[in-house]
Amino acid sequence: MQNVSCDICKKKVDNPMTGRSFFYYAEHSVCESCKDNLELQVKSAVRTKDPYSFDWYSKFIGDSITKAIQKGKI
Ligand SMILES: [Zn+2]
91 MQNVSCDICK KKVDNPMTGR SFFYYAEHSV CESCKDNLEL QVKSAVRTKD PYSFDWYSKF
151 IGDSITKAIQ KGKI
């Protein structure tokens with residue numbers, strides 16, 4: 091059985107299933123609760139971002155995850 095833990099909070103994901111109990115962002119595996127927090131963070135940043143571009147968006151997600159991994163939380 092595959093062993094997956096969240097790159098951000100380091101918690102082991104029970105019964106890992108991509109797109110359901112864990113998610114890939116910028117090549118990192120992220121658990122559901124960290125994904126929810128990440129999306130909240132990204133959503134509020136996207137709302138105020140002008141001009142908006144997909145490059146900026148991908149980079150923002152990557153940077154947010156890198157920062158979250160360093161802090162151990164989002
Ligand atoms: Zn997590």
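If you use our numbering, the sequence shown closes out at 164, no skipped numbers anywhere.
Where is the CB? At the ideal position from N, CA and C, for every residue including glycine.
{"Check": "Nearest-angstrom Cα separation, counted from residue 126 out to residue 96", "Outcome": "13 Å"}
{"Check": "Segment contact, 8 Å Cβ cut-off, at least three pairs: the stretch 97 to 111 with the stretch 137 to 151", "Outcome": "no"}
{"Check": "Of the residues 130, 115, 123, 117, the one placed nearest residue 104, counting alpha carbons only", "Outcome": "123"}
{"Check": "Boundaries (first-last residue) of the alpha helix (DSSP H) holding residue 147", "Outcome": "144 to 161"}
{"Check": "Any non-hydrogen atom of ligand 1 closer than 7 Å to residue 44 Cβ", "Outcome": "Coverage of the chain is limited to positions 91 through 164, which leaves residue 44 absent and any answer about it impossible."}
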